[in-house]
Amino acid sequence: MEQSIIEIKNLVKRYKDLLALDHLNMEVRKGEVFGLLGPNGSGKTTAINCILGLLSYDKGEIRVFGKPMEADSYESKREIGVVMQNVAVFNELTVIENIDYFCGLYVRDKKERKRLVEEAVQFVELEEFRKFYPPKLSGGLLRRLNIACGIAHKPKLIFLDEPTVAVDPQSRNKILEGILELNRQGATVVYTSHYMEEVERICSRILIMDKGRPLATGTKEELKQMIKMGEKITVDVSDLKREELQAIRNMQHVFQVDYTDGKLYVQCSGGSHNLVNVLGYLSEREVSFGRVYSELPTLNDVFLEITGKQLRD
Amino acid sequence: MQVFKCFFKIVRSKKLSMSIYAGIFFALTILFSSFGKNSDTGFQTTKINVGIVDHDKSTVSKALKTFLSNEQNVKDIKDEKKTMQNELFYRNAEYILILPKGFGESLLSENKKAQIENVKVPGSTSGYMIDQQVNKFTKMVRSYLASGFSEQQAVERAENTLRSSAKVDLMGSKKAGEQSNTAYYFQYLAYIFIALITVAVSPVFMVFYKKDIRRRNQCSAATERSRNLQLALGTLTASVGCWLVFMLLAMAMYRNEIFQSNLLLFMLNSVMFIGVSAGISFLAGLLVTNDDALQGVINVVSLGSAFLGGVFVPLEFMSKQVLTVSRFLPTYWYIRSNKLIDQLDVLDMSHIWPAMQGILIQAGFALALFAAAMLVSKQKRTA
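Chain order of the listed sequences is A and B. Everything in the first sequence is counted per the UniProt record's numbering, starting at 1 for the first residue and increasing by one. Everything in the second sequence is counted per the UniProt record's numbering, starting at 1 for the first residue and increasing by one.
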């Protein structure tokens with residue numbers, strides 16, 4: 001069995017009347033990129049803060065590297081890298097000084113630190129901006145600096161809390177590539193986001209949460225298999241009669257059909273020829289149709305089916 | 001020592017503001033010490049022009065003339081109304097003494113009042129002084145005559161007695177209200193210490209206690225104790241460094257007069273005040289959350305306490321009500337002690353104690369400020 005890096009059992013956290021974490025159970029295994037997916041306010045950051053010992057909690061147990069995690073678990077903290085949701089750097093220090101500062105909180109040896117700082121600068125591709133002060137950097141570069149500060153000391157476990165918020169697509173791509181590279185180098189990554197595409201792209205296992213509760217855990221394939229929908233077909237149809245709509249509804253594997261604004265939406269639970277069957281029927285009935293799309297379910301569909309609402313609500 | 005190093009990198013980023021405040025300080029010190037200091041270093045008697053019209057020509061009248069000649073510029077003038085008016089108008093004489101015939105006789109007779117007339121510039125203080133001298137001479141002669149001396153003997157003895165002077169050794173070398181350059185320098189330190197330390201140190205605490213940076217530091221491998229100790233060490237180093245720089249500058253600027261017996265007391269008073277300034281800057285750094293607001297706080301606190309505490313306006317000029325408020329400011333106690341130390345000539349405990357009281361009260365203020373700041377910092381850490 002793969003070694004557990006983080007184990008959380010029945011974690012409960014309250015902010016007065018608000019239940020921020022409701023009996024959260026979670027396990028992160030060594031070497032994986034674990035995604036915490038949920039809409040804003042779902043409790044992702046609260047969970048991370050509890051794991052890092054930044055927040056006290058009301059009930060439950062947190063173990064990191066097999067040891068209970070407390071505010072003063074400095075030995076465990078030495079192996080942890082943190083990239084906060086908000087950029088946490090000193091505006092009065094240059095790029096290189098910032099990375100050196102945060103790396104120095106973990107690594108005392110000056111020579112070793114110099115090497116690590118240099119590697120971090122290269123990793124986030126900020127070589128040209130070494131002497132720049134943060135206020136002079138763009139949003140994307142700032143995020144990269146934030147990451148460099150969190151990972152310079154080569155931690156075994158890295159927390160990345162929504163590191164791509166308000167970042168341009170180019171920088172976002174670089175950041176995601178970087179995270180995968182860190183994982184390839186041996187780091188276990190806990191990644192929180194409300195961007196399902198990012199989570200789907202980089203995470204090996206995902207925990208979907210909402211209102212502080214864990215809804216489902218597994219690989220993206222496992223999660224998609226949990227829901228009824230296996231394929232979603234969209235067809236531009238100018239006119240469709242009621243009996244034709246009913247006929248499609250009666251097809252094998254079809255469990256939901258909608259027709260609005262000249263678009264036919266067909267959701268199928270499985271099967272391999274759903275698209276051919278639908279198009280065949282339309283041709284047979286001489287119904288003219290335009291563009292055709294067929295999509296596999298996304299994590300958003302998973303979230304929608306579990307909670308009844310969109311991930312970005 | 002990452003936090004300690006970072007502390008001074010943040011301080012370094014405030015060097016422009018710091019040099020502006022230092023510049024203001026030196027301008028103020030030089031300006032006020034040159035205005036405030038009296039250049040008189042000694043005392044010299046002046047002689048008044050006195051005209052005498054002697055109708056009596058007696059032994060006593062001649063003796064009085066001789067007595068006045070020793071201390072004033074005395075000359076004979078004619079007994080003419082116009083001449084006397086001209087002499088007074090052109091200030092050739094400020095006082096004209098007229099000794100009528102029978103002046104000596106009137107003095108010898110116990111029952112008669114001495115017959116003397118005078119003409120002087122109206123409202124003249126020097127005329128009043130000559131009146132005093134004449135009065136003193138006539139009383140002295142009468143005293144000797146009453147004691148049984150002859151006219152000649154009474155006159156000679158009166159002259160001798162009045163000529164003798166008492167030797168006076170002044171306990172203090174300073175005149176009332178006068179302040180030394182050193183005292184002026186230390187006085188304005190009350191303004192610059194608060195302004196400079198707050199400009200340098202408050203931003204450090206402001207940055208380190210920002211929610212994101214604080215949390216980022218909290219989840220690092222550096223212990224909270226170590227980080228707090230490094231911040232405390234940074235504050236101490238910055239404060240002591242600032243104090244040392246200003247002490248060295250004082251020694252360079254006033255090397256001729258600063259090395260006096262009470263220099264150590266001036267330094268003790270100022271080192272206590274730098275503790276107060278550090279406390280203020282610590283608290284301000286925790287309470288204020290942005291640079292603009294901090295700039296406002298620095299100006300209000302440094303200038304406000306300087307004005308109310310007696311740095312720019314002497315405490316003697318302040319109303320009772322203002323002084324009542326001032327007593328709640330550490331600057332008041334610093335300035336009070338500074339003035340008391342400046343006036344000290346005898347360094348024993350009974351003389352030093354009033355100044356020491358002010359220094360101890362400042363220590364109390366510093367402790368209270370640090371305690372309040374610790375409380376705020378604890379609340380922020382757990383928030």
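All residues carry an ideal CB built from backbone N, CA and C; glycine is no exception.
Inset, instruction - Go ahead and pull the three-state DSSP assignment for A:ASP239. - result: coil
Legend entry - B:ILE192 versus B:THR182: straight-line alpha-carbon distance, rounded: 15 Å
Inset, instruction - Could you tell me the distance, in whole angstroms, from the CA atom of B:VAL155 to the CA atom of B:ASN49? - result: 23 Å
Inset, instruction - Measuring only between beta-carbons, confirm whether A:LEU93 sits less than 8 Å from chain B. - result: yes
Legend entry - A:LYS44 burial status per 10 Å Cβ neighbour count (16 or more: buried): buried
Legend entry - Cβ neighbours of B:GLN72 in the same chain (closer than 6 Å, five flanking residues each side left out): LYS47, ILE48 and VAL50
Inset, instruction - Tell me whether residue 314 of chain A sits in a helix, a strand or coil according to DSSP, three-state version. - result: No answer is possible for residue 314 of chain A: the residues shown for chain A start at 1 and end at 313.
Legend entry - DSSP-derived helix/strand/coil call for A:GLU305: helix
Legend entry - For B:MET129 and B:ASP76, the rounded distance between their alpha carbons: 19 Å
Legend entry - Limits of the unbroken beta strand (DSSP E) element including B:GLN179: Run containing B:GLN179: none; DSSP gives neither H nor E here.
Inset, instruction - Please classify B:TYR188: is it buried, with 16 or more other beta-carbons within 10 angstroms of its beta-carbon, or exposed? - result: buried
Inset, instruction - Could you have a look at A:MET84 and say whether DSSP puts it in helix, strand or coil? - result: coil
Inset, instruction - Measure from the alpha carbon of B:GLY279 to the alpha carbon of each residue in B:PRO314, B:LEU196 and B:PRO354, then state which is nearest. - result: B:LEU196
Inset, instruction - To the nearest angstrom, report how far apart B:PHE208 and A:ASN86 are at their CA atoms. - result: 15 Å
Legend entry - Own chain partners of B:SER337 with C-beta closer than 7 Å, once the 5 adjacent residues on each side are dropped: ASN269, ALA355, GLY358 and ILE359
Inset, instruction - Within the segment 67 to 124 of chain A, note down every full alpha helix (DSSP H) run reaching 4 residues or more, in order along the chain. - result: 74 to 77, 95 to 104 and 110 to 123
Inset, instruction - Pair every Cβ in the segment 4 to 15 of chain B with every Cβ in the segment 84 to 98 of chain A, then say whether three or more of these pairs are closer than 8 Å. - result: yes
Inset, instruction - Kindly list the residues whose CB is nearer than 8 Å to the CB of A:ILE151, restricted to its own chain and excluding five residues on each side of it in sequence; keep chain order. - result: GLY81, VAL83, ALA120, PHE123, ILE158, LEU182 and ALA187
Inset, instruction - Just mark B:ALA63 as buried or exposed, buried being the case when its beta carbon has 16 or more other beta carbons within 10 Å. - result: buried
Legend entry - is_contact[B:CYS242, chain A] using C-beta, thresh 8 Å: no
Inset, instruction - State the DSSP-derived secondary structure class of A:ARG172, mapped to helix, strand or coil. - result: helix
Inset, instruction - Can you tell me which of A:MET209, A:TYR259, A:LYS110 and A:ASN146 puts its alpha carbon nearest to the alpha carbon of B:ILE213? - result: A:ASN146
Legend entry - B:ASN73 - partner residues in DSSP beta bridges: B:ASN49
Legend entry - Per-residue DSSP class, three states only, for B:ARG327: coil
Inset, instruction - Let me know the secondary structure DSSP gives A:TYR293 once reduced to three states. - result: strand
Legend entry - DSSP beta-bridge partners of B:ASN118: B:LEU97
Inset, instruction - Residues of the segment 109 to 134 of chain A with a CB closer than 7 Å to any CB of chain B: list them in chain order, please. - result: none
Inset, instruction - Just mark B:MET206 as buried or exposed, buried being the case when its beta carbon has 16 or more other beta carbons within 10 Å. - result: buried
Inset, instruction - Give a yes or no on whether the C-beta atoms belonging to A:LYS9 and A:ASN25 are separated by under 8 Å. - result: yes
Legend entry - Cα-Cα separation between A:SER4 and A:ASP58, rounded to whole angstroms: 23 Å
Inset, instruction - Could you say if the segment 222 to 240 of chain A and the segment 289 to 304 of chain A meet the contact criterion of at least three C-beta pairs nearer than 8 Å? - result: yes
Inset, instruction - Whole angstroms is fine: what's the gap from B:LEU369's alpha carbon to B:MET318's? - result: 26 Å
Legend entry - Straight-line gap, A:ASP313 to A:ASP22 (C-alpha atoms, nearest Å): Low local confidence applies: a pLDDT of 45 at A:ASP313 is under 50, so the model's placement there is unreliable, and no value is given.
Inset, instruction - Return yes when the Cβ of B:VAL60 is within less than 8 Å of the Cβ of B:GLY104, no when it is not. - result: yes
Legend entry - chain A contact for B:THR289 (CB, 8 Å cutoff): no
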